[in-house]
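Q:
Numbering (the numbering used here), first residue to last: 1339 to 1529.
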């Protein structure tokens, strides 16, 4: 009964947005077994052909399926091997973190990571960052977010609608360059 309650609790914590999310090649899933001693728990990534290779169950097709269908397929296949497996399956989406962060690049995030944790993956923001605004760039669209609000409200990737392929851009502060202009102006004043 406890296991059944735990499963329903985990399912209820996942938002409808996450459940409808499409995972693309390069994205993945994090599989965590709570009651199995076999070394199965881990991160598994979707290959270019649209398949995920998982231990003991082999290939799982993901193309043309949303996260809900992928999760159900994985759960059903492991249920054939293990009696009442207690497992969690989380989406791992690949995003690009750019701008005034210490180590810009591609990172994998789950739907439950908050913005502070996401920026920490890239080493945190630099001293030159304009920390008031953060942009999510999706295709040709730019979505402006209030960084303070995101962090104060502890908004997760799911709460802000982060999607596979999104780019998070932390802009440079105007004041970061003000010191350089001051040096130039003081040099001109001497002349």
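For glycine and all other residues, C-beta sits at the position ideal for the given N, C-alpha and C.
Keep in mind that this is a model prediction, so the values were computed, not measured.
What does the alpha-carbon distance come out to for the pair residue 1392 and residue 1385?
A: When rounded, the distance between both Cα atoms is 12 Å.
Q: In this structure, how does DSSP classify residue 1420 when only helix, strand and coil are distinguished?
A: In this structure, residue 1420 counts as coil in the three-state DSSP scheme.
Q: Judging by CA-CA distance, which residue of 1379, 1378 and 1402 is the nearest neighbour of residue 1387?
A: Considering only alpha carbons, the answer is 1402.
Q: Would you be able to state if there are at least three C-beta pairs under 8 Å between the region 1455 to 1466 and the region 1500 to 1514?
A: Result yes; three or more Cβ-Cβ pairs closer than 8 Å.
Q: Between the region 1422 to 1439 and the region 1358 to 1370, do three or more beta carbon pairs fall short of 8 Å?
A: The answer is yes - the region 1358 to 1370 touches the region 1422 to 1439, with three or more Cβ pairs under 8 Å.
Q: If you check the beta carbons only, do residue 1424 and residue 1383 fall under 9 Å apart?
A: No, the Cβ-Cβ distance between residue 1424 and residue 1383 is not below 9 Å.
Q: Rounded to a whole number of angstroms, what is the C-alpha to C-alpha distance between residue 1449 and residue 1510?
A: One C-alpha to the other measures close to 27 Å.
Q: Once the 5 residues before and after residue 1427 are set aside, which same chain residues still bring their CB inside 6 Å of it?
A: Excluding positions up to five away in sequence, the list reads 1367, 1369, 1409 and 1412.
Q: Could you tell me how far apart the beta carbons of residue 1439 and residue 1461 are, in whole angstroms, since I believe they sit closer than 8 Å?
A: So it is a contact: roughly 6 Å between Cβ atoms.
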